[in-house]
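First the structure, in the form of structure tokens, and then the observations on it.
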Amino acid sequence: MVKKVTAEWVVKQLDKEYGELAWRSHGEPLDALMQTILSQATSDVNSGRAFDSLRRAFPGGWDEVRLAEVRDIADAIRCGGLADAKAPRLRAVLQEIHERVGSTSLEFLKTTPTEEAKAFLNSFHGVGPKTTACVLMFSLGRPVLPVDTHVFRVSHRLGLIDEKLGEAKAHNALQSQLKDPDVYSYHVHLIRHGRRVCVAQQPRCEECVLGSKCAYRQAGGRLSKKTLPQNLPGTLHGLKEKVGEGSNKV
Ligand code: SF4
14 MVKKVTAEWV
24 VKQLDKEYGE
34 LAWRSHGEPL
44 DALMQTILSQ
54 ATSDVNSGRA
64 FDSLRRAFPG
74 GWDEVRLAEV
84 RDIADAIRCG
94 GLADAKAPRL
104 RAVLQEIHER
114 VGSTSLEFLK
124 TTPTEEAKAF
134 LNSFHGVGPK
144 TTACVLMFSL
154 GRPVLPVDTH
164 VFRVSHRLGL
174 IDEKLGEAKA
184 HNALQSQLKD
194 PDVYSYHVHL
204 IRHGRRVCVA
214 QQPRCEECVL
224 GSKCAYRQAG
234 GRLSKKTLPQ
244 NLPGTLHGLK
254 EKVGEGSNKV
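Yeah, the sequence shown ends on 263 if you go by this note's numbering, and it's all consecutive.
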């Protein structure tokens, strides 16, 4: 209960600090899935370039990508990095969607109940809770929280996540503390806050609007660094960029 109250308070404080946010769709669900895969282990700029380049190289859409040679897909996304690893992955996911759905589209998710949609996306090889949450939240506006490195770090410091939780359990734990309408704002605000103020190495607690309820600050900055994950995948670069800021089974 205390954590729920704190989570709600965090959203209100960051609404005041960064402005209230209104969700808007960040594209079709299949676009979001492809963009999320491209965003892994690369910068915002590079993943955005790779996505745009891929769309330009295959103007016929995702079915054209599904039927393309892997080397041609890799050439199209070369500017985003890890092209030779991501190209076969993109094509395999598109092929699996086509086989299971009957078309190269995830349109049907728009009317699929959230838990069912979550289970469907999670069942794909290489698609984990973070990618699933990104697609459902950014594209479809579902209250499913993606937990990236910033969200995890700031939430942990605030005392909202048990220090022993891994990434997958953190998704569920944080989700249960948030009201559905707060999920989008919590995610976007915490990424912004994690980049500007609650940075990884030296958080700027003296200028932070969350200090009065922050476990890290109240402990004098002594929360164990060992409990913070060292290798969480990064942010969902391309989609974050569109909201003014800024996830292998991810
Ligand atoms: S008070 Fe410090 S540790 Fe706590 S959220 Fe703010 S910057 Fe992060």
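Where is the CB? At the ideal position from N, CA and C, for every residue including glycine.
Leu-191 in three-state terms, based on DSSP: Judged by DSSP in its simplified three-state form, Leu-191 adopts coil rather than helix or strand.
The ligand SF4 heavy atom lying under 7 Å from the CB of Pro-194: Incorrect: Pro-194 has no Cβ contact closer than 7 Å to the ligand SF4.
Contact under 8 Å by Cβ, Tyr-199 with Ala-35: Taking 8 Å as the Cβ cut-off, Tyr-199 and Ala-35 do not qualify as a contacting pair.
Rounded C-alpha distance that separates Asp-57 from Ala-132: Spanning the two alpha carbons is a distance of roughly 28 Å.
Member of Val-140, His-202, Gly-61, Glu-82 whose CA lies at the smallest distance from the CA of Asp-97: Comparing Cα positions, the closest option is Glu-82.
Distance, Glu-129 Cα to Lys-17 Cα: Cα to Cα, the separation comes out at about 26 Å.
N- and C-terminal bounds of the alpha helix (DSSP H) containing Ala-105: Taken as a continuous stretch (DSSP letters only), the alpha helix (DSSP H) holding Ala-105 covers 96–114.
Counted within 10 angstroms of its Cβ, other Cβ atoms place His-39 as buried (16 or more) or exposed: Around the C-beta of His-39, 16 or more other C-beta atoms lie within 10 Å, and the residue is accordingly described as buried.
Distance, Val-201 Cα to Cys-147 Cα: Spanning the two alpha carbons is a distance of roughly 11 Å.
Contact test: Leu-171 Cβ vs the ligand SF4 heavy atom, cutoff 7 Å: At a cut-off of 7 Å, the beta-carbon of Leu-171 counts as near the ligand SF4: some heavy atom of the ligand is closer than that.
Between the CA atoms of Arg-155 and Thr-125 - distance to the nearest angstrom: Taken atom to atom, the span from the alpha-carbon of Thr-125 to that of Arg-155 is near 11 Å.
Collapsed DSSP secondary structure at Val-164 in the structure displayed: Three-state DSSP puts Val-164 in a helix.
Distance CB(Val-157)-CB(Met-150) smaller than 8 Å: Cβ atoms of Val-157 and Met-150: closer than 8 Å.
Assigned secondary structure, Leu-34 (DSSP; H/G/I helix, E/B strand, else coil): Secondary structure of Leu-34 (DSSP, three-state): coil.
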